[in-house]
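Peer 1: Sharing a structure below in structure tokens format, with a few things to ask.
Residue numbers (the UniProt record's numbering): 1 to 196.
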């Protein structure tokens, strides 16, 4: 039996399906899920967007408490910055098994279309400028900040009928399952890294 707590960070651009994947993954492995969007809905079911800052603070508080209590957790983020990487690094140095998962789509336009569909079904919106900015940042941030801190990493494409595991690694030893999607992921990572 594994005695190490686990911290799983599921990241991806807005509209990529990261929340859906994170909830499903958490259920599959039997680890609690924590997401700022869910907290915002708890705080203000009628208009969660208005409490996003408070939800972010509460997310950080709950995450800190879970790590201090050595509780396993699945969390999700746009990975627009490296702030959660500090939590991942801390968890790893205190004996956690760490996993980073990137759920991606191959275009900003598809992310925006998915968000529009979500809004039409009563879900939350994200400003287009934020979607475009975060889309460009997520690939290099994942690769440069989250992957190196992870015992295990997964790259998941969500542009088809279901989630597709493109590649996974143990201690940065990669096994590629779909060479075409890996090439798309690599191109996106390189493209945005060189433009910054």
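Note that CB positions come from ideal geometry on N, CA and C, so glycine has one too.
Rounded to whole angstroms, what is the Cα-Cα separation between residue 5 and residue 17?
Peer 2: The count along the chain shown starts at 1 and reaches residue 5 at position 5. The count along the chain shown starts at 1 and reaches residue 17 at position 17. Their backbone Cα atoms lie some 25 Å apart in a straight line.
Peer 1: For residue 146, does the count of other Cβ atoms within 10 angstroms reach 16, so buried, or fall short, so exposed?
Peer 2: Counting from 1 along the chain shown, the entry for residue 146 is found at position 146. Buried, by the Cβ-count rule.
Peer 1: To the nearest angstrom, how far is it from the Cα of residue 78 to the Cα of residue 3?
Peer 2: Locating residue 78 in the chain shown gives position 78, counting from the first residue. Locating residue 3 in the chain shown gives position 3, counting from the first residue. So the two alpha carbons sit approximately 29 Å from each other.
Peer 1: With distances taken Cα to Cα, identify the nearest neighbour of residue 93 among 103, 68 and 75.
Peer 2: Here the question's residue 93 lines up with position 93 in the chain shown. If we check each option's Cα against that of residue 93, 68 comes out closest.
Peer 1: Would you say the stretch 40-47 touches the stretch 125-145, given that touching needs at least three Cβ pairs under 8 Å?
Peer 2: The stretch 40-47 is not in contact with the stretch 125-145.
Peer 1: Grouping DSSP H, G and I as helix and E and B as strand, with all else coil, what is residue 21?
Peer 2: One-based indexing of the chain shown puts residue 21 at position 21. Of the three classes helix, strand and coil, the one that applies to residue 21 here is helix, per DSSP.
Peer 1: Under 8 Å Cβ to Cβ from residue 50, same chain only, skipping five residues before and after it: list those, please.
Peer 2: As a working mapping, residue 50 is identified with position 50 in the chain shown. If we look at residue 50 and ignore the five residues flanking it on each side, its Cβ neighbours are 44.
Peer 1: Ordered along the chain, which non-local residues of its own chain (more than five positions away) have a Cβ less than 8 Å from that of residue 88?
Peer 2: If you number the chain shown from 1, residue 88 lands on position 88. Here the set comprises 7, 9, 98, 100, 146, 149 and 150.
Peer 1: Since I believe residue 104 is in contact with residue 21 (beta carbons under 8 Å), could you give me their beta-carbon distance rounded to a whole number of angstroms?
Peer 2: Residue 21 sits at position 21 when you count from the first residue of the chain shown. Residue 104 sits at position 104 when you count from the first residue of the chain shown. Wrong, their Cβ atoms sit about 11 Å apart, outside the cutoff.
Peer 1: Pick helix, strand or coil for residue 138, following the three-state DSSP scheme.
Peer 2: Looking up residue 138 in the chain shown gives position 138. It is helical.
Peer 1: Short of 8 Å in beta carbon distance, which residues of its chain neighbour residue 168, apart from the five on each side in sequence? Order them along the chain.
Peer 2: On the chain shown, residue 168 is found 168 positions in, with the first residue counted as 1. 152, 153, 154, 155, 174, 175 and 177.
Peer 1: Per DSSP, residue 30 is paired with what?
Peer 2: On the chain shown, residue 30 is found 30 positions in, with the first residue counted as 1. According to DSSP, which records beta bridges pairwise, residue 30 is partnered with nothing at all.
Peer 1: Who pairs with residue 97 in a beta bridge, going by DSSP?
Peer 2: Taking the first residue of the chain shown as position 1, residue 97 is located at position 97. For residue 97, which the question treats as bridged, DSSP gives the partners 6.
Peer 1: Checking the sheet assignment: what are the DSSP bridge partners for residue 174?
Peer 2: Along the chain shown, one-based indexing puts residue 174 at 174. According to DSSP, which records beta bridges pairwise, residue 174 is partnered with 169.
Peer 1: Mind checking whether residue 36 and residue 56 have CB atoms under 8 Å apart?
Peer 2: Your numbering for residue 36 matches position 36 in the chain shown. Your numbering for residue 56 matches position 56 in the chain shown. Result yes, Cβ atoms of residue 36 and residue 56 sit closer than 8 Å.
Peer 1: Which value, in whole angstroms, describes the spacing of the CA atoms of residue 161 and residue 47?
Peer 2: For this step, residue 161 is matched to residue 161 along the chain shown. For this step, residue 47 is matched to residue 47 along the chain shown. Answer to the nearest angstrom: the Cα atoms are 31 Å apart.
Peer 1: Which value, in whole angstroms, describes the spacing of the CA atoms of residue 115 and residue 143?
Peer 2: Position 115 of the chain shown holds residue 115. Position 143 of the chain shown holds residue 143. Roughly 24 Å between the two C-alpha positions.
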